[in-house]
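The listed protein sequences derive, respectively, from chains S and R. Numbering (the numbering used here) for the first sequence: 64 to 230. Numbering (the numbering used here) for the second sequence: 14 to 201.
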Amino acid sequence: MQYDKFNQNELNCAAFKSRLDALLDSRRRPQLDLQLCTHARRCEPCARVLAAQTKLLEAVQTPTRLEVRPDFAVQVLQSIEVQQQQQRRSRRRAISFVAVAASLFIVVTAWRVPNRTEDLSESDLANSPKIPPAVLQRMDEVSQDIKPVSGSVYTALNAIWLAQRLL
Amino acid sequence: MADEVRGLVQRSLAGDQTAMLALVDCYQGQVFGLCYRMLGQRQDAEDMAQETFVRALRSLKQWDSTREFLPWLLAIAGNRCRTCLAQRMRRPSTTSLVESLADRQPDAGRARHLAEEVQQALGRLREEYRLVFLLFHEQELSYAEIGAALNCPLGTVKTWVHRARRELIEMLRKREIVGEVSHAVRQV
Numbered sequence: 064m065q066y067d068k069f070n071q072n073e074l075n076c077a078a079f080k081s082r083l084d085a086l087l088d089s090r091r092r093p094q095l096d097l098q099l100c101t102h103a104r105r106c107e108p109c110a111r112v113l114a115a116q117t118k119l120l121e122a123v124q125t126p127t128r129l130e131v132r133p134d135f136a137v138q139v140l141q142s143i144e145v146q147q148q149q150q151r152r153s154r155r156r157a158i159s160f161v162a163v164a165a166s167l168f169i170v171v172t173a174w175r176v177p178n179r180t181e182d183l184s185e186s187d188l189a190n191s192p193k194i195p196p197a198v199l200q201r202m203d204e205v206s207q208d209i210k211p212v213s214g215s216v217y218t219a220l221n222a223i224w225l226a227q228r229l230l
Numbered sequence: 014m015a016d017e018v019r020g021l022v023q024r025s026l027a028g029d030q031t032a033m034l035a036l037v038d039c040y041q042g043q044v045f046g047l048c049y050r051m052l053g054q055r056q057d058a059e060d061m062a063q064e065t066f067v068r069a070l071r072s073l074k075q076w077d078s079t080r081e082f083l084p085w086l087l088a089i090a091g092n093r094c095r096t097c098l099a100q101r102m103r104r105p106s107t108t109s110l111v112e113s114l115a116d117r118q119p120d121a122g123r124a125r126h127l128a129e130e131v132q133q134a135l136g137r138l139r140e141e142y143r144l145v146f147l148l149f150h151e152q153e154l155s156y157a158e159i160g161a162a163l164n165c166p167l168g169t170v171k172t173w174v175h176r177a178r179r180e181l182i183e184m185l186r187k188r189e190i191v192g193e194v195s196h197a198v199r200q201v
C-alpha cells in the first residue's frame, strides 16, 4: 500500500483495484479514467496491473481469425439426422424386446399353469387345506373381471409383435 | 435480431431445415470461438461446437423465448466444453493443450505471441473462471445473462470474473508477458 504518499483526493491501492474492477465490469476503458491514471502514475505496481489488464483484454477481444469449415452447418444437420435414426432404431429394438419378453412370459405361464395342476395327485388335492366357499366365489368374480383385460393385453402384445415384424 | 431469431427457432421447431441452417450460420462463429478458447484445440473445438448445435436444435423447445438465445446457446457450449475437458483429464494425451495459431494468422509478431500466451494462460485457469471470463469479456454477455444461463448467482459470476482477471494477469506476469508499464499510462 502506498497510500501515505498521496493526498486525500487520490486513490489508494485497494481503491484503485476496486475502481479498476468496477470500470471493467461496466465495459469502460480504464486507461481513460483520470483517477486511475493519476494513481498509476505514482504507483508502479498498480501501473503494471493497469497496463496488464489493458493488454489482456485487448488480446481477448481481438478476433482469432479461426473459422469453422464451410460445411459446418450441413454437418450439424446430418449428425442430427443420424442421431434421430439411431434413436428410432433403438426404440424399435426396445419395443421388440418387450414384445418378445411379454410373449415368452405368456407362453411360459400358459404352459406352466395346466402342468402344475396335472402334477398334483388326488391325495395331494384331498390333503390340501380347504378354501372357504366365499373366497372361491370371490376368486371366480375376480377372474371374470380380469379375463377381458388380460385378453386385451394379450391381443395388444400380439399386435405390437406383429407391427414389429412388419416394420 | 431477436425477433428474427425467434422466427428461425419457430421454423426450426416446425422442422424447417433451412431455418436450422440459418440458425447455425448465425451463431457458429461465437460458439466455435468460445469452444476454441475453452479447449485450445481446433479439432476438439469443432467437435464441441457441432455437439452444441446438435443439442440445441434437438432441445429448442426448452429455450425460454422471453430470454436471449445466445446466452442459452453459449451455456450449452460451455457445458459441452467442460465435459470434453473432463474426458481429456481422464485419458492421457500426447498433444499439446494449446495449438499454435502461427499458420493461421498471417500477421506474425507480438500480437500473435500475446494471443498465444493468453490462450495458454486461459488453459491453466479453473474451468468455471475461464468460462465466465470468456462469456463476459469475449462474448460480451452481461453478468445477469451469464448467471441465468449457467444457473449461478450473480455475485458468484462476478467474483469468478474478477478472480479470472487477476489470475490471468499473474500468470502473464510470471511469464514476463505483461511486466512493463504501458507508455499510454505514463503519458496521462
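We put the beta carbon where it would ideally sit given N, CA and C, even for glycine. As the structure is a prediction and not an experimental result, all values here were calculated from the model.
Check whether the Cβ atoms of Gln116 (chain S) and Pro133 (chain S) lie closer than 8 Å to each other. no
With Trp85 (chain R) as the anchor, note down where its alpha helix (DSSP H) starts and where it stops. 82-103
Near-chain R residues of the segment 138-157 of chain S (beta-carbon distance less than 9 Å), N- to C-terminal order: Gln138, Val139, Leu140, Ser142, Ile143, Gln146, Gln147
Rounded to a whole number of angstroms, what is the C-alpha to C-alpha distance between Val161 (chain S) and Ala173 (chain S)? 18 Å
Cross-chain neighbours of Asp84 (chain S) in chain R, by beta carbon under 7 Å: His175
Would His150 (chain R) pass as a contact of Gln124 (chain S) if the rule is Cβ separation under 8 Å? yes
Helix, strand or coil for Asn221 (chain S)? Go by DSSP, reduced to three states. helix
Neighbourhood of Ala69 (chain R) by C-beta distance below 6 Å, restricted to the same chain and skipping five residues each side: Shown here for Ala69 (chain R): same chain residues with a beta carbon closer than 6 Å to its own, the five before and five after excluded, namely Leu86, Ile89 in chain order.
Taking C-alpha atoms, which residue in R:Glu81, R:Gly42, R:Thr65, R:Met184 lies nearest to Ala135 (chain R)? Note that residue 135 (chain R) is Leu in the sequence shown here, rather than Ala. Considering only alpha carbons, the answer is R:Met184.
Looking at chain S, is there any beta carbon in it that lies within less than 8 Å of the beta carbon of Ser109 (chain R)? Residue placement at Ser109 (chain R) cannot be trusted, given a pLDDT of 48 that sits under 50; what the coordinates show is reported in the next sentence. For Ser109 (chain R), the answer is no, since every Cβ of chain S falls outside 8 Å of its Cβ.
When you compare only the Cα positions, how much space is there between Val191 (chain R) and Phe135 (chain S)? 37 Å
Same chain, Cβ closer than 7 Å to Gln65 (chain S), neighbours up to 5 away in sequence not counted: Here the model assigns Gln65 (chain S) a pLDDT of 43, short of 50, so the residue's position is not dependable, and the following value carries that caveat. Only Cys76, Cys106 meet the Cβ criterion.
Under 7 Å Cβ to Cβ from Tyr217 (chain S), same chain only, skipping five residues before and after it: list those, please. Ile169
Mind checking whether Phe82 (chain R) and Val22 (chain R) have CB atoms under 8 Å apart? yes
Given that Leu181 (chain R) touches chain S, what residues does it touch there, using C-beta distances under 8 Å? Leu119
Would you tell me roughly how many angstroms separate the C-alpha atoms of Arg55 (chain R) and Leu167 (chain R), rounded to the nearest one? 31 Å
Glu17 (chain R) versus Ala32 (chain R): straight-line alpha-carbon distance, rounded: Roughly 10 Å between the two C-alpha positions.
Which value, in whole angstroms, describes the spacing of the CA atoms of Val67 (chain R) and Cys94 (chain R)? 14 Å
Buried versus exposed call for Lys118 (chain S) [16 or more other C-beta atoms within 10 Å across all chains shown]: By the 10 Å Cβ count, Lys118 (chain S) comes out buried.
Below 8 Å on C-beta distance, what does Val112 (chain S) contact in chain B? In the structure shown, chain B cannot be found, because the protein chains are S and R.
Around the C-beta of Ala161 (chain R), are 16 or more other C-beta atoms found within 10 angstroms, so that it is buried, or is it exposed? buried
Nearest to Arg137 (chain R) by CA position, among R:Glu180, R:Cys165, R:Arg71, is which residue? Nearest C-alpha to Arg137 (chain R): R:Glu180.
May I ask you to report which of helix, strand or coil DSSP gives Trp76 (chain R)? Trp76 (chain R) falls in the coil class under three-state DSSP.
So, helix, strand or coil for Pro166 (chain R), using DSSP? coil
CB-CB under 8 Å to Leu74 (chain S), same chain, minus the five flanking residues each way: which ones, in chain order? Arg82, Gln98, Leu99, Thr101, His102.
Below 8 Å on the Cβ atoms is my contact criterion, and I expect Arg186 (chain R) with Phe146 (chain R) to pass it. Report the Cβ-Cβ distance as a whole number of Å. Going by Cβ atoms, the distance from Arg186 (chain R) to Phe146 (chain R) rounds to 17 Å, so no, they are not a contact pair.
With 16 other Cβ atoms within 10 Å as the buried cut-off, status of Pro195 (chain S): exposed
Could you spell out the range, first to last residue, of the alpha helix (DSSP H) harbouring Ala103 (chain S)? 97-105
Please decide whether Leu198 (chain S) counts as near chain R, where near means a Cβ-Cβ distance under 8 Å. Note that residue 198 (chain S) is Val in the sequence shown, not Leu. Interface flag for Val198 (chain S) against chain R is unset, since no Cβ pair is found closer than 8 Å.
What residue from S:Ala222, S:Ile143, S:Phe79, S:Arg151 has the CA that sits closest to Pro108 (chain S)'s CA? S:Phe79
Rounded Cβ spacing between Arg19 (chain R) and Ser72 (chain R) (contact assumed at less than 8 Å): Contact flag wrong, Cβ pair sits at about 16 Å.
Contact with chain S by Asp29 (chain R), beta-carbon distance below 8 Å: no
Chain S beta carbons: is any one of them nearer than 8 Å to that of Arg71 (chain R)? yes
For the 8 Å Cβ check, are there 3 or more pairs between the segment 125-133 of chain R and the segment 37-47 of chain R? no
Excluding five sequence neighbours on each side, which residues of the same chain lie with their C-beta closer than 6 Å to the C-beta of Ala222 (chain S)? If the five residues before and after Ala222 (chain S) are omitted, its C-beta is found closer than 6 Å to no C-beta atom of its own chain.
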